[in-house]
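Those letters in the sequence shown? Residues 1 to 316, per the numbering used here, in order.
Each residue gets a CB set at the ideal place from its N, CA and C atoms; glycine is no exception.
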Amino acid sequence: MTTRCESPASGGVETSSVRPVRHRLLGVLLVLLSGLAIAIVPTAAKVAFEGGANTLTVVTLRGVVGVALMALFMVTVGQSFRLPARTFAPCAAAGFAHALVAYGFIGSVAHIPVSLVVLIYATHPILLAFIFHLQGHERLTSRKLTLAFTVLVGLALVLGGELGALNAIGVALAALASLAVCVVILLGARAQRAGATATQVNLVMIAVATIVCGAVTTAGGAWSVPAGMVGWLGLAGAGGGVTIGLVAFFAAFRFIGPVRATMLSNVEPLLGILFAVVVLGERLIALQWTGVALAVAALTLFEASPSRRRAARDAG
(Lines of atoms letter the chains of each structure in order from A and count residues from 1; the text may use other names and numbers.)
(Lines give C-alpha, C1' and ligand atoms only; values in the text may rest on other atoms or scores of the structure.)
Protein backbone atom coordinates (compact mmCIF):
# COMPACT_ATOMS: atom_id res chain seq x y z
CA MET A 1 0.00 0.00 0.00
CA THR A 2 3.01 2.26 -0.34
CA THR A 3 6.11 3.07 -2.39
CA ARG A 4 6.59 -0.51 -3.41
CA CYS A 5 7.60 0.02 -7.04
CA GLU A 6 10.14 2.12 -8.85
CA SER A 7 12.24 2.90 -5.75
CA PRO A 8 15.40 4.56 -7.03
CA ALA A 9 16.95 5.28 -3.67
CA SER A 10 17.25 1.87 -2.19
CA GLY A 11 20.04 2.95 0.10
CA GLY A 12 22.98 0.62 0.04
CA VAL A 13 21.63 -1.85 -2.48
CA GLU A 14 24.27 -4.36 -3.35
CA THR A 15 24.84 -4.22 -7.11
CA SER A 16 27.69 -6.62 -7.74
CA SER A 17 26.92 -9.37 -10.19
CA VAL A 18 27.85 -12.07 -7.67
CA ARG A 19 25.97 -12.34 -4.41
CA PRO A 20 26.41 -15.16 -1.88
CA VAL A 21 23.58 -17.68 -2.02
CA ARG A 22 22.74 -16.99 1.62
CA HIS A 23 22.28 -13.29 0.80
CA ARG A 24 19.87 -14.09 -2.01
CA LEU A 25 17.99 -16.49 0.25
CA LEU A 26 17.77 -13.85 2.98
CA GLY A 27 16.45 -11.34 0.45
CA VAL A 28 13.76 -13.77 -0.71
CA LEU A 29 12.78 -14.52 2.90
CA LEU A 30 12.50 -10.80 3.66
CA VAL A 31 10.18 -10.29 0.68
CA LEU A 32 8.05 -13.24 1.80
CA LEU A 33 7.93 -11.76 5.33
CA SER A 34 6.87 -8.45 3.79
CA GLY A 35 4.11 -10.09 1.78
CA LEU A 36 2.96 -12.07 4.81
CA ALA A 37 2.85 -8.98 7.05
CA ILE A 38 0.97 -6.79 4.58
CA ALA A 39 -1.39 -9.64 3.69
CA ILE A 40 -2.53 -9.62 7.33
CA VAL A 41 -3.78 -6.01 7.12
CA PRO A 42 -7.24 -6.38 5.48
CA THR A 43 -8.12 -9.43 7.57
CA ALA A 44 -6.93 -7.70 10.76
CA ALA A 45 -8.99 -4.62 9.87
CA LYS A 46 -12.06 -6.82 9.36
CA VAL A 47 -11.52 -8.27 12.85
CA ALA A 48 -11.34 -4.73 14.26
CA PHE A 49 -14.61 -3.84 12.49
CA GLU A 50 -16.30 -6.89 13.95
CA GLY A 51 -15.10 -5.69 17.37
CA GLY A 52 -17.02 -2.45 17.00
CA ALA A 53 -14.50 -0.08 15.38
CA ASN A 54 -15.31 2.02 12.32
CA THR A 55 -13.19 2.79 9.27
CA LEU A 56 -11.83 6.19 10.34
CA THR A 57 -10.86 4.93 13.79
CA VAL A 58 -9.07 1.88 12.39
CA VAL A 59 -7.25 3.94 9.75
CA THR A 60 -6.14 6.57 12.30
CA LEU A 61 -5.02 4.20 15.06
CA ARG A 62 -3.36 1.93 12.50
CA GLY A 63 -1.34 4.98 11.46
CA VAL A 64 -0.34 5.70 15.07
CA VAL A 65 0.98 2.15 15.42
CA GLY A 66 2.74 2.45 12.07
CA VAL A 67 4.47 5.76 12.90
CA ALA A 68 5.66 4.43 16.27
CA LEU A 69 7.09 1.23 14.79
CA MET A 70 8.72 3.04 11.85
CA ALA A 71 10.34 5.60 14.17
CA LEU A 72 11.56 2.79 16.45
CA PHE A 73 13.10 1.02 13.48
CA MET A 74 14.90 4.18 12.34
CA VAL A 75 16.31 4.76 15.84
CA THR A 76 17.42 1.12 16.05
CA VAL A 77 19.34 1.23 12.76
CA GLY A 78 20.66 4.75 13.41
CA GLN A 79 18.93 6.38 10.46
CA SER A 80 18.51 10.16 10.49
CA PHE A 81 15.08 11.76 10.81
CA ARG A 82 16.34 14.90 9.04
CA LEU A 83 14.45 15.12 5.77
CA PRO A 84 16.00 17.19 2.94
CA ALA A 85 13.90 20.37 2.69
CA ARG A 86 13.16 19.93 -1.02
CA THR A 87 11.62 16.51 -0.37
CA PHE A 88 9.05 17.55 2.23
CA ALA A 89 6.43 18.73 -0.30
CA PRO A 90 6.25 15.44 -2.28
CA CYS A 91 6.36 13.44 0.98
CA ALA A 92 3.49 15.46 2.46
CA ALA A 93 1.48 15.18 -0.76
CA ALA A 94 2.10 11.42 -0.71
CA GLY A 95 0.74 11.44 2.84
CA PHE A 96 -2.57 12.92 1.68
CA ALA A 97 -2.75 10.29 -1.06
CA HIS A 98 -1.84 7.58 1.46
CA ALA A 99 -4.80 8.68 3.60
CA LEU A 100 -7.03 7.85 0.62
CA VAL A 101 -5.25 4.52 0.14
CA ALA A 102 -5.72 3.57 3.78
CA TYR A 103 -9.35 4.67 3.91
CA GLY A 104 -10.19 2.96 0.62
CA PHE A 105 -8.30 -0.27 1.31
CA ILE A 106 -9.42 -0.71 4.91
CA GLY A 107 -12.89 0.76 4.43
CA SER A 108 -13.70 -1.56 1.55
CA VAL A 109 -13.40 -4.71 3.69
CA ALA A 110 -16.44 -3.54 5.66
CA HIS A 111 -18.55 -3.90 2.49
CA ILE A 112 -17.10 -6.66 0.30
CA PRO A 113 -15.07 -9.87 0.88
CA VAL A 114 -11.39 -9.41 1.71
CA SER A 115 -10.39 -11.71 -1.15
CA LEU A 116 -11.98 -9.35 -3.67
CA VAL A 117 -10.49 -6.25 -2.02
CA VAL A 118 -7.01 -7.78 -2.27
CA LEU A 119 -7.37 -8.56 -5.97
CA ILE A 120 -8.82 -5.15 -6.91
CA TYR A 121 -6.04 -3.38 -5.02
CA ALA A 122 -3.42 -5.60 -6.67
CA THR A 123 -4.28 -4.15 -10.10
CA HIS A 124 -2.33 -0.95 -9.34
CA PRO A 125 0.79 -2.07 -11.30
CA ILE A 126 -1.42 -2.07 -14.40
CA LEU A 127 -2.66 1.46 -13.65
CA LEU A 128 0.95 2.54 -13.16
CA ALA A 129 1.90 1.07 -16.52
CA PHE A 130 -0.81 3.14 -18.22
CA ILE A 131 0.42 6.27 -16.39
CA PHE A 132 4.04 5.61 -17.40
CA HIS A 133 2.89 5.04 -20.98
CA LEU A 134 1.07 8.39 -21.06
CA GLN A 135 4.15 10.09 -19.59
CA GLY A 136 6.37 8.47 -22.22
CA HIS A 137 8.49 6.62 -19.66
CA GLU A 138 7.57 3.03 -20.53
CA ARG A 139 5.83 1.69 -23.63
CA LEU A 140 2.61 -0.25 -23.10
CA THR A 141 3.22 -3.28 -25.31
CA SER A 142 0.67 -5.73 -26.68
CA ARG A 143 2.08 -8.28 -24.21
CA LYS A 144 1.24 -6.02 -21.27
CA LEU A 145 -2.22 -5.24 -22.64
CA THR A 146 -2.91 -8.97 -22.99
CA LEU A 147 -1.78 -9.61 -19.42
CA ALA A 148 -3.88 -6.70 -18.15
CA PHE A 149 -6.93 -8.19 -19.86
CA THR A 150 -6.06 -11.57 -18.32
CA VAL A 151 -6.09 -10.00 -14.84
CA LEU A 152 -9.58 -8.64 -15.54
CA VAL A 153 -10.70 -12.10 -16.66
CA GLY A 154 -9.33 -13.51 -13.40
CA LEU A 155 -11.26 -10.89 -11.42
CA ALA A 156 -14.42 -11.75 -13.35
CA LEU A 157 -14.01 -15.42 -12.41
CA VAL A 158 -13.59 -14.50 -8.75
CA LEU A 159 -16.76 -12.41 -8.93
CA GLY A 160 -18.61 -15.31 -10.53
CA GLY A 161 -22.32 -14.62 -10.84
CA GLU A 162 -22.38 -12.30 -7.82
CA LEU A 163 -21.75 -9.03 -9.65
CA GLY A 164 -25.26 -7.72 -9.07
CA ALA A 165 -25.09 -8.57 -5.36
CA LEU A 166 -21.81 -6.74 -4.75
CA ASN A 167 -21.75 -3.58 -2.66
CA ALA A 168 -20.84 -0.75 -5.04
CA ILE A 169 -19.34 1.32 -2.20
CA GLY A 170 -16.91 -1.48 -1.32
CA VAL A 171 -15.79 -1.93 -4.93
CA ALA A 172 -15.39 1.85 -5.36
CA LEU A 173 -13.30 2.14 -2.18
CA ALA A 174 -10.99 -0.69 -3.26
CA ALA A 175 -10.61 0.92 -6.70
CA LEU A 176 -9.88 4.28 -5.03
CA ALA A 177 -7.10 2.64 -3.01
CA SER A 178 -5.61 1.10 -6.16
CA LEU A 179 -5.61 4.45 -7.96
CA ALA A 180 -4.36 6.47 -4.97
CA VAL A 181 -1.42 4.14 -4.34
CA CYS A 182 -0.19 4.98 -7.85
CA VAL A 183 -0.01 8.63 -6.74
CA VAL A 184 1.82 7.56 -3.58
CA ILE A 185 4.38 5.60 -5.59
CA LEU A 186 5.02 8.42 -8.06
CA LEU A 187 5.41 11.07 -5.32
CA GLY A 188 7.50 8.75 -3.14
CA ALA A 189 9.84 8.02 -6.04
CA ARG A 190 10.20 11.77 -6.68
CA ALA A 191 11.12 12.38 -3.03
CA GLN A 192 13.71 9.59 -3.13
CA ARG A 193 15.26 10.97 -6.31
CA ALA A 194 15.57 14.29 -4.44
CA GLY A 195 17.58 12.68 -1.64
CA ALA A 196 15.17 11.19 0.91
CA THR A 197 15.53 7.57 2.00
CA ALA A 198 12.70 5.09 1.63
CA THR A 199 12.12 4.92 5.39
CA GLN A 200 12.08 8.72 5.72
CA VAL A 201 9.50 8.93 2.95
CA ASN A 202 7.32 6.30 4.55
CA LEU A 203 7.58 7.84 8.04
CA VAL A 204 6.51 11.30 6.85
CA MET A 205 3.86 9.84 4.56
CA ILE A 206 2.26 7.70 7.28
CA ALA A 207 2.51 10.56 9.81
CA VAL A 208 0.76 13.04 7.50
CA ALA A 209 -1.94 10.50 6.62
CA THR A 210 -2.49 9.77 10.31
CA ILE A 211 -2.82 13.48 11.16
CA VAL A 212 -5.30 13.99 8.32
CA CYS A 213 -7.40 10.96 9.28
CA GLY A 214 -7.24 11.86 12.97
CA ALA A 215 -8.42 15.41 12.27
CA VAL A 216 -11.32 14.17 10.13
CA THR A 217 -12.28 11.57 12.74
CA THR A 218 -12.25 14.15 15.54
CA ALA A 219 -14.08 16.83 13.55
CA GLY A 220 -16.82 14.37 12.65
CA GLY A 221 -17.04 12.89 16.14
CA ALA A 222 -16.49 9.50 14.55
CA TRP A 223 -14.25 7.81 17.12
CA SER A 224 -15.38 4.23 17.74
CA VAL A 225 -12.78 1.93 19.29
CA PRO A 226 -13.07 -1.88 19.45
CA ALA A 227 -15.03 -3.23 22.41
CA GLY A 228 -12.95 -6.32 23.14
CA MET A 229 -9.38 -7.62 23.14
CA VAL A 230 -9.82 -9.41 19.81
CA GLY A 231 -10.82 -6.15 18.14
CA TRP A 232 -7.78 -4.36 19.57
CA LEU A 233 -5.53 -7.18 18.36
CA GLY A 234 -7.01 -6.73 14.90
CA LEU A 235 -6.28 -3.02 15.04
CA ALA A 236 -2.69 -3.64 16.19
CA GLY A 237 -2.26 -6.21 13.44
CA ALA A 238 -3.40 -3.73 10.80
CA GLY A 239 -0.84 -1.14 11.96
CA GLY A 240 2.01 -3.53 12.63
CA GLY A 241 1.49 -5.46 9.40
CA VAL A 242 2.00 -2.40 7.20
CA THR A 243 5.13 -1.25 9.04
CA ILE A 244 6.80 -4.66 9.26
CA GLY A 245 5.95 -5.23 5.61
CA LEU A 246 7.54 -1.95 4.52
CA VAL A 247 10.70 -2.41 6.59
CA ALA A 248 11.21 -6.00 5.39
CA PHE A 249 10.54 -5.06 1.76
CA PHE A 250 13.07 -2.24 1.67
CA ALA A 251 15.60 -4.28 3.66
CA ALA A 252 15.43 -6.93 0.92
CA PHE A 253 16.80 -4.41 -1.60
CA ARG A 254 20.27 -4.80 -0.09
CA PHE A 255 20.33 -8.51 -0.87
CA ILE A 256 18.37 -8.99 -4.12
CA GLY A 257 17.77 -5.47 -5.46
CA PRO A 258 14.50 -3.55 -5.93
CA VAL A 259 13.53 -5.11 -9.27
CA ARG A 260 13.67 -8.71 -8.09
CA ALA A 261 12.04 -7.79 -4.77
CA THR A 262 9.10 -6.16 -6.57
CA MET A 263 8.63 -9.21 -8.80
CA LEU A 264 8.61 -11.56 -5.79
CA SER A 265 6.14 -9.36 -3.90
CA ASN A 266 3.36 -10.44 -6.27
CA VAL A 267 2.76 -13.36 -3.90
CA GLU A 268 1.05 -10.85 -1.57
CA PRO A 269 -2.48 -11.06 -3.09
CA LEU A 270 -2.52 -14.84 -2.74
CA LEU A 271 -1.37 -14.62 0.90
CA GLY A 272 -4.04 -12.01 1.62
CA ILE A 273 -6.76 -14.27 0.25
CA LEU A 274 -5.45 -17.27 2.20
CA PHE A 275 -5.59 -15.24 5.43
CA ALA A 276 -9.20 -14.30 4.71
CA VAL A 277 -10.08 -17.95 4.13
CA VAL A 278 -8.34 -19.21 7.29
CA VAL A 279 -9.20 -16.41 9.74
CA LEU A 280 -12.53 -15.07 8.49
CA GLY A 281 -13.92 -18.26 7.00
CA GLU A 282 -14.38 -16.78 3.52
CA ARG A 283 -14.97 -19.53 0.98
CA LEU A 284 -14.11 -19.67 -2.70
CA ILE A 285 -15.34 -22.30 -5.15
CA ALA A 286 -13.03 -23.98 -7.65
CA LEU A 287 -13.85 -21.49 -10.43
CA GLN A 288 -13.00 -18.58 -8.14
CA TRP A 289 -9.68 -20.15 -7.13
CA THR A 290 -8.96 -20.50 -10.85
CA GLY A 291 -9.58 -16.77 -11.19
CA VAL A 292 -7.24 -16.02 -8.28
CA ALA A 293 -4.47 -18.14 -9.81
CA LEU A 294 -4.99 -16.55 -13.23
CA ALA A 295 -4.92 -13.00 -11.84
CA VAL A 296 -1.84 -13.56 -9.65
CA ALA A 297 0.04 -15.29 -12.50
CA ALA A 298 -0.80 -12.48 -14.93
CA LEU A 299 0.26 -9.81 -12.41
CA THR A 300 3.56 -11.63 -11.84
CA LEU A 301 4.24 -11.83 -15.58
CA PHE A 302 3.18 -8.19 -15.95
CA GLU A 303 5.83 -7.16 -13.41
CA ALA A 304 8.42 -9.53 -14.93
CA SER A 305 8.67 -7.68 -18.24
CA PRO A 306 11.73 -8.44 -20.42
CA SER A 307 13.31 -5.10 -19.47
CA ARG A 308 12.83 -5.76 -15.78
CA ARG A 309 14.21 -9.28 -16.09
CA ARG A 310 17.32 -7.80 -17.72
CA ALA A 311 17.56 -5.26 -14.90
CA ALA A 312 17.27 -8.01 -12.32
CA ARG A 313 20.06 -10.01 -13.99
CA ASP A 314 22.25 -6.91 -14.18
CA ALA A 315 21.63 -6.26 -10.47
CA GLY A 316 22.79 -9.75 -9.64
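Legend entry - Where Ala-227 sits in the DSSP three-state scheme: coil
Inset, instruction - Determine contact between the region 108–117 and the region 181–192, defined as no fewer than three beta-carbon pairs at a distance below 8 Å. - result: no
Legend entry - Cβ-based burial, Pro-84 [other Cβ within 10 Å; buried from 16]: exposed
Inset, instruction - Check Leu-116 in the structure and name its three-state DSSP category. - result: helix
Legend entry - Integer-rounded CB distance, given that Thr-76 should sit under 8 Å from Thr-217: The pair is not a contact, with the Cβ atoms about 30 Å apart (cut-off 8 Å).
Legend entry - Ala-122 and Val-279 closer than 9 Å at C-beta: no
Inset, instruction - Using the Cα positions of Ser-265 and Ala-248, report the straight-line distance between them to the nearest angstrom. - result: 11 Å
Inset, instruction - Tell me whether Val-109 sits in a helix, a strand or coil according to DSSP, three-state version. - result: coil
Legend entry - Other residues of its chain near Gly-27: CB distance less than 6 Å, five sequence neighbours each side excluded: Ala-252, Phe-255, Ile-256
Inset, instruction - Tell me, please, whether the region 198–208 touches the region 117–131 by the rule of three or more beta-carbon pairs shorter than 8 Å. - result: no
Legend entry - Selection from Trp-232, Val-41, Thr-210 that minimises the alpha carbon distance to Ser-108: Val-41
Legend entry - Contact check, Ala-238 vs Val-65, beta carbons under 9 Å: yes
Inset, instruction - Measure the alpha-carbon distance for Glu-138 versus Thr-87 and round it to whole angstroms. - result: 25 Å
Inset, instruction - Taking 9 Å as the cut-off, decide whether the C-beta atoms of Ala-209 and Thr-57 are in contact. - result: no
Inset, instruction - Between the Cα of Gly-241 and those of Gly-272, Val-153, Phe-302, spot the shortest distance and give me the residue it belongs to. - result: Gly-272
Inset, instruction - Please determine, among Val-47, Gly-104, Leu-69, Phe-96, the residue with the shortest C-alpha to C-alpha distance to Ala-168. - result: Gly-104
Inset, instruction - Give the straight-line distance between the Cα atoms of Ala-298 and Val-277, rounded to the nearest whole angstrom. - result: 22 Å
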